[in-house]
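Under the numbering used here, the final residue of the sequence shown carries the number 1156; numbering is consecutive throughout.
Don't be surprised by glycine CBs; every beta carbon is placed ideally from N, CA and C.
Just so we're clear, the structure is a prediction, and the values are computed from it rather than from any experiment.
Worksheet: the structure to be examined is printed underneath.
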Amino acid sequence: MDETRSGDGYFPEGSMLRFVQSHRAVGQTYGQRALIVGATHPVPYVGTSQSTLAKERPFERLARTALAFETIFFAPRAEADRLLAAVHDLHTRVRGALDRDEGDFPRGTPYDAFDPELMLWTMAMLADSSRVAFETLVRPLSAAEKEDLWADWVRFGELFGMPRSVAPATAADFERWMADWYASGRMHLTAEARAVGRAIAHDMPVPLVARPGVTVTNLLVVGMLPPEVRRLYDLAWTPAHALAWRGATAFARSSRHVLPAGVRRGDNADLHKTVIRSERAVLARGGRTMELPE
């Protein structure tokens, strides 16, 4: 991360969100996990999917979203405000209704990017994955740090228009809110969400030289998913996977004691741009990076 980006940003040095997201191991994994978990709620998934114009470039869309979020995390307010205004304009066009029954959600269920509950859902997926990734790959957070991190994520949601009143009041309340969702029996994948989630878990396009590293990243992400979510996607998770995951996470946690800060900390813009270039190269050859159902 270019330290000159910090300026007078919404999350200055010393804020927990900035601290957590500045760890590259978090930035490289939380987004994949958030998207996979987020797709278990069909209403926001369909709303986003039906409103995008980039289904032929799904990974570029995801990478550009990740770049946008890093702008909010790290950039001066003027730069962040320009992006927030553009997102607000985009969200005015995200409105409609389910065109078929999806699990417990009947045909005709409305979606709207400015629905407070759906705004909470989007923010919550990021917040939960941010905390899980940090605690898995860096170190545990204290109770006070969790509260500060949650407060920052609520602030992040507010920047996009989410009312503060809709969010769980404390970090502990939020963790119970997430646990209730996993246990609710309401998780449901559309056919497209299943295909997209499995591709995000396994098929991120990168150059050949980067594939070994991405394979490890994919293992970390799948291991950080709740078992209920892995089962929903039918993602393989054997004792061998679990053993490899424990080794990879132990290495990630211990590496912070030996790797230079400049390697461990910073944004992931280079990775996101590599994904964009890689997908464009596949498409230029007439290929596809993700097979979506009709």
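Helix, strand or coil at PHE1022 [DSSP, three-state]: coil
Just to confirm, are LEU1094 and THR910 a CB contact at a threshold of 8 Å? no
Can you name, in chain order, every residue of its own chain whose Cβ lies under 7 Å from the Cβ of VAL1016, other than the five neighbours on each side? ARG1026, ALA1029
What separation, rounded to the nearest whole angstrom, lies between the Cα atoms of PRO968 and TRP1043? 18 Å
Quick one: measure Cβ to Cβ for LEU980 and VAL1058, integer angstroms, because I've assumed they're closer than 8 Å. That belief does not hold up - the Cβ atoms of LEU980 and VAL1058 are roughly 18 Å apart, past 8 Å.
Expressed to the nearest angstrom, what Euclidean distance is found between the alpha-carbon atoms of TRP983 and ARG923? 19 Å
Note down the Cα distance separating ALA986 from LEU1070, rounded to an integer number of angstroms. 34 Å
At least three beta-carbon pairs within less than 8 Å, the region 1064-1083 to the region 871-883: no
Rank PRO1067, SER992, LEU1021 by C-alpha distance to the C-alpha of GLY1149 and give the top, closest one. PRO1067
Residue ranges of each alpha helix (DSSP H) within the region 908-968, 4 or longer: 920-936, 939-953
Taking PRO972 as part of the beta strand (DSSP E), name the residues at either end of that continuous run. 972-974
Quick one: what does DSSP say HIS1050 is sitting in, helix, strand or coil? coil
Alpha-carbon to alpha-carbon, ARG1147 and GLU1037: 45 Å
Beta-carbon gap between SER1046 and TYR892 smaller than 8 Å: no
Does the structure place the region 962-976 close enough to the region 928-947 that three or more beta carbon pairs sit under 8 Å? no
Contacts around GLU1090, its chain only, beta-carbon distance under 6 Å, and the 5 residues preceding and following it disregarded: TYR1044
Could you tell me which residues DSSP puts in a beta bridge with HIS885? ARG1127
If I measure Cβ to Cβ from ALA1114 and keep anything under 7 Å in the same chain, skipping five residues before and after, which residues do I get? ALA887, LEU999
Nearest residue (CA-CA) to ALA1110, options LEU1081, LEU1133, LEU1003: LEU1081
Starting from the N-terminal side, write out each stretch of the alpha helix (DSSP H) that is 4 residues or longer and does not extend beyond the region 1055-1117. 1073-1086, 1089-1095, 1101-1117
Apply the 10 Å Cβ neighbour rule to GLY876 and answer buried if 16 or more other Cβ atoms are within range, or exposed otherwise. exposed
Going by DSSP, what residue range makes up the alpha helix (DSSP H) through GLU1153? Premise fails: GLU1153 is in no alpha helix (DSSP H) and is neither H nor E.
Could you tell me the alpha carbon to alpha carbon distance between ALA1061 and ASP951, rounded to whole angstroms? 29 Å
Does the beta carbon of ARG1026 sit closer than 8 Å to a beta carbon anywhere in chain B? Absent from the structure is chain B; it holds one protein chain and no more.
Give a yes or no on whether the C-beta atoms belonging to VAL1084 and TRP1099 are separated by under 8 Å. yes
What distance in whole Å lies between the Cβ atoms of PHE873 and ASP963, which are believed to be in contact at a cut-off of 8 Å? Not confirmed; about 40 Å, so no contact.
Using 8 Å as the threshold, is the C-beta distance between LEU988 and ALA896 below it? yes
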